[in-house]
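Let me begin by presenting the structure, written as structure tokens, before commenting on it.
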Amino acid sequence: MFNQIIDWVDQRFPLTAFVKHELTGYPTPRNLSYWWNFGFLAGFVLVMQVATGIFLAMHYKADSALAFDSIQHIMRDVNYGWLLRYLHATGASAFFFVIFIHMARTLYYGSYRKPRELLWWTGQGLLLLLMGTAFMGYLLPWGQMSYWGATVITNLFGASPILGHEIVIWLRGDFTVGDETLSRFFALHYLFPFIIVGAVIIHLVALHTVKSSNPSGIDLAAKDNIPFHPYFTIKDLFGLGLFMMLYTWFAFFTPNTLIEAANNIPANPMSTPSHIVPEWYFLPFYAILRSVPNALGGVVAMGLSVLIFAFMPYLDRSRIPGGARYRPWYRILFYGFTVDILFLGWIGFVPPTDSTILYGKIATILYFLMFLSLPLFSRAEERMMIKRGLPPALQAMIDSESKGKGK
Amino acid sequence: MKKFLMTLAFSLTALPAFASSEAHLEKVQVDTSPAALERGMDIVTSNCTGCHALKYIHYRDLLGMGVSKKKVDEMRGDKNMDATLVSAMPDDAAMSAFGKVPPDLSLMFNAREGRGNYTYTYLTAFYKKPDGSLDNHVFPGVKMPDALGYSEAADDKQRADIKAQAKDVVSFLAWAADPHEQERLLFGKYIMGYLVLLTGMLYVLKKKIWARLD
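So the sequence lines, in the order shown, correspond to chains A and B.
Taking the numbering used here, I'd label the letters of the first sequence as residues 10 to 416.
Taking the numbering used here, I'd label the letters of the second sequence as residues 6 to 219.
Next comes the structure, spelled out in structure tokens:
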């Protein structure tokens, strides 16, 4: 009976063929490390956010007079409303956490390189969509930090030449952040995740065209590719278990550490908090914004600090495979960049003083310098490596994989 | 890899901790026992709700906290079970007395940097200035009167008593800010236990399936 139904469907829709090509039989490099789990985890968190978000939306009121109270209604009166809300609020942090590691893995192993440029760029688009969604979602609790965060960020667009003021009003729907802003942010916060789902599908189509990269950076011969199922389904599930423990830890034991104290005070346009900080995942970019003395320059630098990742396939001119794994200089650069971006996060968090402003400027210059020096740096490194001879492990890998391909 | 994950997880937890470095707050351990919550509630309803409201706390919520039906009935008088703990002082009277409406206390536990430690330290930081006027170390220029009478305390014993009262107040406010916290922690333990078990089994299964490749 079941087979008959599947046959009926298969004559009209490539169900079996799709599952076979894209899932059960999808060839995956067998040497993928656990760093390759994070794309799946991001997909999982996306589903989690949509699922909890839809139920939250059933009880939430997108009205500046009711929003704050409706969150308390969810937290106190709705059955397991506290669970939905803490999972969703923690989920935002979890989403950025896995995406940042997913990106760091791509940068470390050079997965953005030919032929995966489009895969990387669709990922870049997903990052922007995620940032937009998170930013708009943060306004919805209508607390002090929600309100003033949205005010500061929408104000940035005022730095645009000529039309700045009009753009700010257009974004807010009013002269200040208010009820109009709240209702449009809610509408868009509900819409964006579905655009993200669409973009994820494009990201996956691109992935399945070029196939997964792997730690060696070399396209493996057929003998070293294994079916996705059951090998990577089980590996992803095990990784999911570990991730869920970390997520559970935050969502159930310390959910309030991820919520700013000031956001427990209802939004008050008449009283500015002494210190406005964005959520942790925006801190490095916020620090870059603050480090540039000129308003327009700061906005441009902040935008560029996010978008510059897209240029990586062209900035990195080295042809040595495997990214930082086999490239000693690039490895130093990667760790230097990691330290720099964490440091910028700290700078973005603390109230600005003369010394932190200076450190912020230095870290900002280093941030861009690392990207901009990469073309020369990677070429010089490549020359050095060719002169010295490739690492034996890499040479052996290239030989064995090219032999395998010939057959 | 582990080290890197740990660093990232650490930076995630450590960042908010920097926030409380401004004032020197005394640490307080919240007491979640029903007796402490009820003591705290008594102090709050006799010393605080004259001016402050707890607008998200209904009388029926107090039943859930563990207060007896009889006592709640006495507290609410002819008010409905669904009525909330409003302040005795109308907003306009508060405006003319203090120049602002005293903040709602339902979320006070979470609404200040330092969380409960802030409220605890604040309540026991009142002192008399040489000119006899009242001030507060944590909140200079405070408008609220010294509700627990810490600045009037005659000796260390009295001060210790007031500190114990402040601790009960903070314990009650912790409950008020997040009434489902105990339920959440219990859930968390069960879920964590389940995940440890499940992940352990998934690991064994993963090893088994991957062994086919050797």
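Glycine included, every Cβ here is placed at the ideal spot set by N, Cα and C.
As the structure is a computational prediction, the values presented were derived from the model and not from experiment.
The distance from the Cβ of ASP151 (chain B) to that of PHE131 (chain B) is about 4 Å, consistent with a contact at the 8 Å cut-off. In the DSSP assignment, GLY152 (chain A) is bridged to A:PRO275. Note on the segment 221–279 of chain A: whole alpha helix (DSSP H) runs with a minimum of 4 residues are 237–257, in chain order. Bridge partners of HIS63 (chain B) according to DSSP: B:THR89. Contact annotation: PRO236 (chain A) and TYR35 (chain A) have beta-carbon atoms nearer than 9 Å. Remark: C-beta atoms of GLY398 (chain A) and GLY331 (chain A) do not approach each other more closely than 9 Å. Between GLU269 (chain A) and the set B:LEU207, B:GLY205, B:ALA116, the nearest pair of CA atoms involves B:ALA116. For a Cβ distance threshold of 7 Å, residue set TRP91 of chain A lies close to HIS185 (chain B), ordered along the chain. CA-to-CA, the gap between THR89 (chain B) and PHE166 (chain A) works out to about 43 Å. Residues of the same chain with a CB within less than 7 Å of the CB of SER156 (chain B), apart from the 5 flanking positions on each side, are PHE131, TYR132, LYS133, LEU139 in chain order.
Residue pairing by DSSP puts PRO38 (chain A) in a beta bridge opposite A:ASN234. Sequence-distant partners of LYS172 (chain B) (beyond 5 residues in either direction) whose C-beta falls short of 7 Å from its own C-beta, in its chain, are VAL33, ASP36, TYR125.
Distance from the CA atom of GLU118 (chain B) to the CA atom of PHE358 (chain A), rounded to whole angstroms, is 14 Å. Against chain A, the beta carbon of ALA116 (chain B) has neighbours under 7 Å at ALA270, ASN273, ILE274, listed in chain order. When the beta-carbon positions are compared, LEU55 (chain A) and ILE204 (chain A) stay at least 9 Å from each other.
Taking a contact as a CB-CB distance under 8 Å, the pair PHE261 (chain A) and GLY193 (chain B) counts as one, their CB atoms being some 3 Å apart.
With respect to the 9 Å criterion, PHE201 (chain A) and MET145 (chain A) are classified as neighbours on the basis of their beta carbons.
For LEU139 (chain B), the secondary structure class from DSSP, reduced to helix, strand or coil, is strand.
Within 8 Å of the CB of TYR240 (chain A), the CB atoms of chain B belong to ILE214, TRP215, LEU218, in sequence order along the chain. Scanning its chain for C-beta atoms nearer than 8 Å, with the 5 sequence neighbours on each side dropped, one finds around VAL87 (chain A) the residues HIS68, LEU93, in chain order.
Boundaries of the alpha helix (DSSP H) harbouring PHE386 (chain A): 383–397, taken from the DSSP string. Rounded to whole angstroms, the Cβ separation of ALA66 (chain A) and TYR256 (chain A) is 21 Å, and the two are not in contact under 8 Å. In terms of CA proximity to MET253 (chain A), A:PHE104 leads the group A:VAL286, A:TYR89, A:PHE104, A:ILE211. Minimum Cα-Cα distance from ARG326 (chain A) among the listed residues A:SER221, A:SER169, A:SER382 corresponds to A:SER382. Of the candidates A:VAL59, A:MET84, A:THR33, A:VAL348, the residue whose Cα lies closest to the Cα of THR142 (chain A) is A:VAL59. Straight-line measurement puts the Cα of GLY312 (chain A) at about 19 Å from the Cα of PHE352 (chain A).
A residue is called buried once 16 or more other Cβ atoms fall within 10 Å of its Cβ, and THR190 (chain A) is buried on that count. With respect to PRO287 (chain A), ILE162 (chain A) sits close: the two C-beta atoms are nearer than 9 Å. Counting only the Cα atoms, ALA333 (chain A) lies some 16 Å from ASN40 (chain A). In the DSSP assignment, PHE320 (chain A) falls outside any alpha helix (DSSP H) and carries neither an H nor an E.
Under the Cβ distance rule, GLN58 (chain A) does not count among the residues neighbouring chain B, no pair being separated by less than 9 Å. Under the DSSP assignment, PHE11 (chain A) falls in the alpha helix (DSSP H) whose first and last residues are 11–19. Across the structure, ASP16 (chain A) and PHE27 (chain A) are spaced so that their CA atoms are roughly 14 Å apart. For THR204 (chain B), the nearest CB of chain A lies under 9 Å from its own CB, placing it at the interface with that chain. A residue is called buried once 16 or more other Cβ atoms fall within 10 Å of its Cβ, and MET10 (chain A), having fewer, is exposed. Neighbours of ILE196 (chain B) across chain A, judged by C-beta separation under 8 Å: THR257, PHE261.
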